[in-house]
Structure formats: C-alpha cells, structure tokens
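*Asks:* Read in order, the letters of the sequence shown correspond to residues 66 to 222 in my numbering.
Where a beta carbon is used, it is the ideal one built from N, C-alpha and C, also for glycine.
Have a look at this one.
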Amino acid sequence: MEKLKNIVKDIVLEGKLSDWDGYNTPAALKKEKQSKGKNKPEDSITDLDLNTKNRNLTIKEYSYGPINPADEVGSKQFWKDKAEMWNTTPEAAKQSRCHNCGAFDQKKSTLTKIAKAIGDDGKTIIKNANIGFCEFFWFKCAGARSCDAWVGGGPIK
Ligand code: SF4
C-alpha cells in the first residue's frame, strides 16, 4: 500500500491545476500559486483552499465525482464513463466508491480532526456526507463519490 501511495503521490505532484483550461475555483488556483507544492497531507484538513485545490486536481486528472451521487439522471454519464474505463457495466462501477476504497481514511483520529476544523456542525456534516480523508490525493472526500484511482480494501478504520 505504501508503495502504491508513493506512486500516486508522485503522479499527483507532477500535475498542476493551472495546466487545465476552463473554469476552476479561484481560491484553489490562488493556493496553488502560493503554496508551490510544499504542503503536508494533513494541511488540507484545516485549509479549505488547499483542500479544494487537491480536490479539483483529482476531478481534472482522475475524474473524481459525480457532483451529486444522489442524482441518478445527472450522474448517468459519469458512471457510464467509469464503466467504459474499467471494462464493466455502470451498475458494477457504482459498487466501487470512496467509502470502500483502500485510500479512504475514516480513522477516528482523522475524523475528529476534520470535525474540529469544520466547527460546530462538523460531526453532522461528516455523518451526512460520509466524509473521509483521501490518502492518495489529500482532500476530504465524500463516501458516495469515486475516482479513477480507486483501490479495494477500504475504508481505513
Ligand atoms: S478515496 Fe479512493 S476513490 Fe476516493 S478520491 Fe481517493 S483514491 Fe479516489
């Protein structure tokens, strides 16, 4: 797992959010300019701009999504694309999400840090969105989403 983690980390650090044309979150682009890749994974737990930068990069480079997993119609194309990439059906692709990914960190200590950083409603938000910390791409991700780097065996508890 550690070896795989380092491989993915190296790939991520090669990519830049600003390499992507089109709309992107202004705060995330500003953060990329300021931080110059010198952040530690856990920094994004308390820094929303950094978290958004890492998340947006994962959307662009690893097709993280869909935006609203509860919206079956709006998510249809997303799962169709995932199925095509993994040579399977959309229904089978839907079984592989962040909540059962090997990089999805839901350790009590991690969730406590996330809740504290969010504030008063931290625990409720974590529960409602089934949040965990992505150890590959260093951002808080929602359990019902997925990405192209999904690996089995999760979550980390
Ligand atoms: S937890 Fe897994 S599936 Fe979710 S964004 Fe991270 S690597 Fe991708």
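Select from Trp215, Gly217, Lys222 and Cys206 the residue whose C-alpha is nearest the C-alpha of Asn133.
*Replies:* Residue Cys206 is the option with its Cα nearest to Asn133.
*Asks:* Would you list, in sequence order, the uninterrupted beta strand (DSSP E) runs of no fewer than 3 residues that lie entirely inside the segment 147 to 215?
*Replies:* Entirely contained in the segment 147 to 215, the beta strand (DSSP E) runs reaching 3 residues are, in chain order, 196 to 199 and 204 to 207.
*Asks:* Among residues of its own chain, excluding the 5 on either side of Lys188, which ones have a beta-carbon nearer than 6 Å to its beta-carbon?
*Replies:* Excluding positions up to five away in sequence, the list reads Ala180.
*Asks:* Drop a sphere of 10 angstroms on the beta-carbon of Ala135, count the other beta-carbons inside from all chains shown, and report buried for 16 or more, exposed for fewer.
*Replies:* Looking at its Cβ environment, which holds fewer than 16 other Cβ atoms inside 10 Å, Ala135 is exposed.
*Asks:* If you follow the alpha helix (DSSP H) that Glu107 is in, where does it begin and where does it stop?
*Replies:* Unbroken run through Glu107: none, as it is neither H nor E.
*Asks:* Which word fits Gln99, buried or exposed, when buried means at least 16 other C-beta atoms lie within 10 angstroms of its C-beta?
*Replies:* By the 10 Å Cβ count, Gln99 comes out exposed.
*Asks:* If distances are taken between C-alpha atoms only, which option among Ile196, Lys96, Arg162 and Asn119 comes closest to Lys173?
*Replies:* For Lys173, the nearest C-alpha among the options comes from Ile196.
*Asks:* Can you tell me whether Thr154 is buried or exposed? The criterion is at least 16 other CB atoms within 10 Å of its CB, across all chains shown.
*Replies:* Under this definition Thr154 is an exposed residue.
*Asks:* Ile221 by DSSP, collapsed to three states: which one?
*Replies:* Ile221 falls in the strand class under three-state DSSP.
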